[in-house]
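Enquirer:
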Amino acid sequence: MWIKDDVLQGEVVLLEPLALEHTDSLIKLSKEGGLWELWYTTVPKSDAMEDYVKTAIRNRRHGDLAYVVRSKFNHQIIGTTRYYNVDEKNRRVMIGFTWYANSVRRTPVNTECKWLLLNNIFEKYNAIAVEFRTHYFNQDSRKAIERLGAKQDGVLRSHKIMPDGSLRDTVVYSIIASEWPAVKCHLQSKMHLPHPSSS
Numbered sequence: 131m132w133i134k135d136d137v138l139q140g141e142v143v144l145l146e147p148l149a150l151e152h153t154d155s156l157i158k159l160s161k162e163g164g165l166w167e168l169w170y171t172t173v174p175k176s177d178a179m180e181d182y183v184k185t186a187i188r189n190r191r192h193g194d195l196a197y198v199v200r201s202k203f204n205h206q207i208i209g210t211t212r213y214y215n216v217d218e219k220n221r222r223v224m225i226g227f228t229w230y231a232n233s234v235r236r237t238p239v240n241t242e243c244k245w246l247l248l249n250n251i252f253e254k255y256n257a258i259a260v261e262f263r264t265h266y267f268n269q270d271s272r273k274a275i276e277r278l279g280a281k282q283d284g285v286l287r288s289h290k291i292m293p294d295g296s297l298r299d300t301v302v303y304s305i306i307a308s309e310w311p312a313v314k315c316h317l318q319s320k321m322h323l324p325h326p327s328s329s
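Here the sequence shown is numbered in our numbering, starting from 131 and rising by one per residue.
(1) Going by alpha carbons, who is nearest to Ile225 out of Asn232, Phe267, Ala196 and Ser233?
(2) Going straight from the alpha carbon of Ile306 to that of Ile157, what length do you get?
(3) Does DSSP put Leu144 in a helix, in a strand, or in coil?
(4) Would you give the residue range spanned by the beta strand (DSSP E) that Arg298 belongs to?
(5) Can you check DSSP and say which residues form a bridge with Ala196?
(6) Under a three-way DSSP split, which group does Leu223 fall into?
(7) Among all the DSSP beta bridges, which residues are the ones paired with Gly284?
(8) My guess is that Tyr266 and Val301 are in contact by the Cβ rule of under 8 Å, so how many angstroms apart are they, rounded?
(9) Would you say Trp229 and Val173 are within 8 Å of each other, going by their C-beta atoms?
(10) Do Ser319 and the ligand COA come close, with the Cβ less than 7 Å from some heavy atom?
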């Protein structure tokens, strides 16, 4: 494997490699705010979560690596994210399958998660580019990606068939290695925001 399954530790969160034992916690999160009901996301329903986790774990054989996001304040699992479509030969990777508990949205959690993943892949593994993809209509996701400093590469029209049968236009963003120093400074400045409550 190009990317090792190390724990990534920040001030707010720990990113731990996803394991089957995390399934119940992710089911609980998916029910919070009815995340799976949002038609433009692919958060699994409760009865599909175990297969979701097992598939993510199996994909390690292809070099992908999924994490759970654990709060350092209360040690609870508050989300999940992953490296996927890992291309070691061309030193490219996608970051996605990211979703969080509603209680930590618009807090420093996502910024620090992305900082940990980006810093790890660019500085430890010398990546050439990191890509992000999201649904055209997922405005929250698009704004979050843009706030990181990623640039839009284009739109893949009618790119995927969604669980409800609708066709997804996929917006593609990326950060390339030459941009990482500036993006790194930008993220470091954003991480001086107040930390989420430990309650």
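Note that CB positions come from ideal geometry on N, CA and C, so glycine has one too.
Computed from a predicted model, the values in this text were never measured in an experiment.
Expert: Let me lay it out:
(1) That would be Ala196, whose Cα lies nearest to the Cα of Ile225.
(2) Ile306 and Ile157 have their alpha carbons spaced roughly 34 Å apart.
(3) Per DSSP, reduced to three states, the secondary structure at Leu144 is strand.
(4) Element bounds for Arg298: Leu297 to Ile306.
(5) The secondary-structure analysis by DSSP pairs Ala196 across a beta bridge with Arg212.
(6) Before going on, a small fix: residue 223 reads as Val here, not Leu. Strand.
(7) Beta-bridge partners assigned by DSSP to Gly284: Val302.
(8) 5 Å between Cβ atoms; contact.
(9) Yes, these two residues count as a Cβ contact at 8 Å.
(10) In the structure on display, the ligand COA does not appear, and there are no ligands present to speak of.
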